[in-house]
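Novice: Got a structure here, written out as structure tokens. Questions coming.
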Amino acid sequence: MGSLICLDTTLTGNRYLSILSIVHSDGLGQFQQDNATPHASRAATKLLQEHSYDFRHYHWPLKSPDMNIIEDIRDVLLHAVEKRSPPPHTPMDLLTALQNSLCEFSPRYPQTPVESMPRRFASRLHALGDPTRY
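Spelled out as structure tokens, the structure:
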């Protein structure tokens, strides 16, 4: 799983480009996004097209949380943080709790939501593209 990046400001298209240039500077790995407004900006789209050979980029349905494993990982991560005692009280406490919880994930954990994708696609097709229970 990739690194956790904390922003203390609103994510804009330009900030997103800066993050992409840092995170993917080695040209390795895989990349998935959820098509939020900054992700779909003209500049970000252009960069992703220009560097399509540098890393694997998964194209995802627009604003489709039921088809996005990032949402599953986020939910599990947030539940892990909510169970911590004492709970985080400051933004720095929250970041530390998130990072610690992420480190506690089994290296195999991301494979679980990935393996559910055939069922998700089948559900989505059955629902004729409408949202599903995932």
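Residue numbers for the sequence shown follow the numbering used here, so the first one is 166 and each next one is one higher.
For glycine and all other residues, C-beta sits at the position ideal for the given N, C-alpha and C.
What you are looking at is a predicted structure, and each value in this text was computed from that prediction instead of being measured.
1. What are the boundary residues of the alpha helix (DSSP H) that Thr261 is part of?
2. Figure out for me which residue from Thr297, Ile235, Leu293, Gln276 has the closest Cα to the Cα of Ser285.
3. Check whether the segment 175-183 touches the segment 200-208, counting contact only when three or more Cβ pairs, one atom from each stretch, lie closer than 8 Å.
4. Find the nearest neighbour of His216 within the set Leu185, Arg273, Ala245, judged by alpha-carbon distance.
5. Please name the residue, chosen from Ile235, Ser183, Ala292, that lies closest to Asp199 on a Cα-to-Cα basis.
6. How about Gln264 and Leu172: do their beta carbons lie closer than 7 Å?
7. Closer than 7 Å by C-beta to Asp237: which residues in its own chain qualify, once you throw out the five before and the five after it? Chain order, please.
8. By alpha-carbon positions, which one of Met257, Thr174, Ala262, Ser281 ends up nearest to His244?
9. Less than 7 Å between the beta carbons of Ser266 and Val246, yes or no?
10. Starting from Lys211, trace the alpha helix (DSSP H) in both directions and tell me its first and last residue.
Specialist: Per the coordinate set shown:
1. For Thr261, the enclosing alpha helix (DSSP H) has its first and last residue at 256-269.
2. Just to set this straight, residue 285 is Arg in the shown sequence, not Ser. The candidate whose alpha carbon is nearest that of Arg285 is Thr297.
3. Here the segment 175-183 lies against the segment 200-208, with 3 or more beta-carbon pairs under 8 Å apart.
4. The shortest C-alpha to C-alpha distance from His216 to any of Leu185, Arg273, Ala245 is the one to Leu185.
5. Ranking the options by Cα distance to Asp199, first place goes to Ile235.
6. The answer is no: Cβ separation not under 7 Å.
7. Excluding sequence neighbours, Asp237 sits near Pro278.
8. Ranking Met257, Thr174, Ala262, Ser281 by Cα distance to His244 puts Ala262 first.
9. In this structure, Val246 lies closer than 7 Å to Ser266 by Cβ.
10. For Lys211, the enclosing alpha helix (DSSP H) starts and ends at 207-215.
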